[in-house]
Amino acid sequence: MSITIDNINEKVKDMQYAVRGAIVAKAGEIEAALKADPSQFPFEKVVYCNIGNPQSLGQKPITFYRQVLALCDYPELLEQEGIDKMFPVDVRTRAADILANMKGGTGAYSESKGVAYLRQMVAAGIEARDGGIACDIDDLWLTDGASVGCHYLMKTLIRDENDAMLVPQPQYPLYSATLALYGGTLLPYYLQEEKGWALDVADLKRATDEARAAGKTVRALVIINPGNPTGAALELSNQQEIVTFCKAEGLLLVADEVYQANVYAEGRNFTSFKKVVRDMGFGPKDFAMVSLQSTSKGFYGECGRRGGYMEVCGFDPQVKAELYKLSSVGLCPNLGGQITMAMVMSPPKEGEASYPKYQEERDTILASLKRRSVTIVDGLNALEGVSCQPAQGAMYAFPQITLPDALLAEAQTSGMAPDALYCMKLLEATGIVVVPGSGFGQREGTWHFRTTFLPAEGDIPGVVARMTTFHAAFMATYKK
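For any residue, its number in the working numbering is found by taking its place in the sequence shown, counting from 1, and adding 259.
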């Protein structure tokens, strides 16, 4: 029997992932066409503002991470004459310690949860971040990016369509995609755009009660903080309300915290949900939660390394054994990603040889991201019919756009969502790739798009200028 679209898994067909959807596919076609004939389009290159992939847009890697990785991948360098002039002493020491605690180096399989020594480094970093709150490496899984941790959770928690999870709207479509793939139900709760994308616990309660009345088993609440695609950073009081809600309703709290190093708003700091839970007096046996982190975001942007971790707290040991079984099917996460995740959580310390350069690189990148976010948001707010909340964190702006009736009618005829049609026209006119808000979830009757502010700082004014010129021509055309 041949394999056709009619006889594959329906759940795979139901799954959607807008970040790499039709608009990105069209961008690839345009990029290829530009190489063949640069005169075909009124721009010289495609600018990918659709995904948080910093190094693809020119961001340089953190030197310390790459130096340690180089020595771990090629240990013979440690014995080379003159190595002390090429690599700082703390880099050599860190690499030697990692190699001494790995069996077979970076080319061998490790333990399925990740190398124990690297998990100890991650645990130490979590404890330092959270003011000394204990982290047990038995609760840690190193993963190929945070996404793998999400898949583990969905595979374990979702039994059928009666199992449901509360997921923010708008949300990173990993959650809607995996719920569709594993046959669960997404329960939307809507963030309050007019209040800087704050979370209203009353809306959580409404969604939970309605789902239970319909016979659903509400298993978990997903929180993305700082927010993707909104760029919002939750206030501590809001986090405490969320913890109280989860405790009262008996829900697992899933905290997606991959942007924890990206907070720009004055007076806002990242506080992990684990710290909030412990500071509220709930111990490991009192409250179930999962934290996700990644090497792909922050100021490091090591997306291709596919490093991450999942920390589970308050889980039955038998459930943890099942999670371990899931991870063992994949043998182990990649070793380069494991090492990178360990260094992200345990970077150079003040007084070590690499610290000044590390501090300079970190602070320069974060300060630039903050400036770029302001330039993008100010530019968007200057456009007719567009309003954009400040980017308090993460790597994105998520403006709302009021679209003319003529565009809405054209979208209906074309079979595209109105904001998707707008984004396609923006791409074809400017080469700028953004993602329609309909791919993230939004209140009915509103339209948005998500853009990163990751292009090089010198390119950002040009991106804003191209958006501005396009939007003025677009509105002049469709408002006639």
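Glycine residues also receive a C-beta, built at the ideal position from the N, C-alpha and C atoms. Computed from a predicted structure; not experimentally measured.
{"Query": "Spatially closest choice to Thr467 from Pro432, Pro427 and Lys738, by CA coordinates", "Result": "Pro427"}
{"Query": "When Pro592, Arg631 and Asn268 are compared against Tyr411, the one with the closest alpha-carbon", "Result": "Pro592"}
{"Query": "Top-ranked residue by Cα proximity to Phe302, from Pro313, Ala286, Ser315 and Glu525", "Result": "Ala286"}
{"Query": "Between the CA atoms of Gln498 and Pro432 - distance to the nearest angstrom", "Result": "22 Å"}
{"Query": "Residue environment, Asp398, which counts as buried when at least 16 other CB atoms sit within 10 Å", "Result": "buried"}
{"Query": "Beta-carbon gap between Phe708 and Val694 smaller than 9 Å", "Result": "yes"}
{"Query": "Endpoints, the alpha helix (DSSP H) within which Pro576 is located", "Result": "Pro576 to Val588"}
{"Query": "Val481: first and last residue of the uninterrupted beta strand (DSSP E) it sits in", "Result": "Thr476 to Ile483"}
{"Query": "Cβ neighbours of Pro677 in the same chain (closer than 7 Å, five flanking residues each side left out)", "Result": "Leu662, Leu666, Leu667, Ala670 and Trp706"}
{"Query": "For Thr711: DSSP bridge partner residues", "Result": "Tyr655"}
{"Query": "8 Å contact criterion, which Arg388 and Ser531 should meet: CB distance rounded", "Result": "7 Å"}
{"Query": "Contact set for Pro297: own chain, Cβ-Cβ below 8 Å, skip 5 residues either direction", "Result": "Glu303"}
{"Query": "Sub-9 Å separation of Met569 and Ala405 beta-carbons", "Result": "yes"}
{"Query": "Selection from Thr710, Ala626, Ser553 and Glu581 that minimises the alpha carbon distance to Gly595", "Result": "Ser553"}
{"Query": "Those runs of the beta strand (DSSP E) which lie wholly inside the region 560-648 and span at least 3 residues", "Result": "567-572"}
{"Query": "Minimum C-alpha distance to Asn782 - residue among Thr322, Gly442 and Tyr681", "Result": "No answer is possible for residue 782: it lies beyond the span of the chain, which begins at 260 and ends at 739."}
{"Query": "Burial state of Val350 (16 or more Cβ within 10 Å)", "Result": "buried"}
{"Query": "Nearest-angstrom Cβ-Cβ length linking Asn484 and Leu495, presumed shorter than 8 Å", "Result": "Actually they do not touch by this definition, with Cβ atoms about 11 Å apart."}
{"Query": "Where Ile310 sits in the DSSP three-state scheme", "Result": "coil"}
{"Query": "Same chain, Cβ closer than 7 Å to Asp273, neighbours up to 5 away in sequence not counted", "Result": "Ala439"}
{"Query": "Alpha helix (DSSP H) segment containing Val722, residue limits", "Result": "Ile719 to Tyr737"}
{"Query": "Contacting residues, own chain, Cβ-Cβ under 6 Å from Ser627 (five flanking each side not counted)", "Result": "Glu716"}
{"Query": "Cβ neighbours of Tyr368 in the same chain (closer than 6 Å, five flanking residues each side left out)", "Result": "Leu590 and Cys591"}
{"Query": "Buried or exposed by the 16-neighbour rule on C-beta atoms within 10 Å, applied to Gln651", "Result": "buried"}
{"Query": "Contiguous beta strand (DSSP E) assignments of at least 3 residues, all confined to the region 409-448", "Result": "422-428"}
{"Query": "Nonlocal neighbours in the same chain, by C-beta distance under 7 Å from Pro658, ignoring five residues either side", "Result": "Leu639, Val645, Ser646, Cys647, His707 and Phe708"}
{"Query": "Per DSSP, the bridge partner or partners of Val552", "Result": "This sequence places Gln at residue 552; Val is not what is there. Bridge partners of Gln552: Tyr568."}
{"Query": "Under the three-state DSSP convention, the category Leu401 falls into", "Result": "strand"}
{"Query": "As assigned by DSSP and simplified to three states, the class of Leu666", "Result": "helix"}
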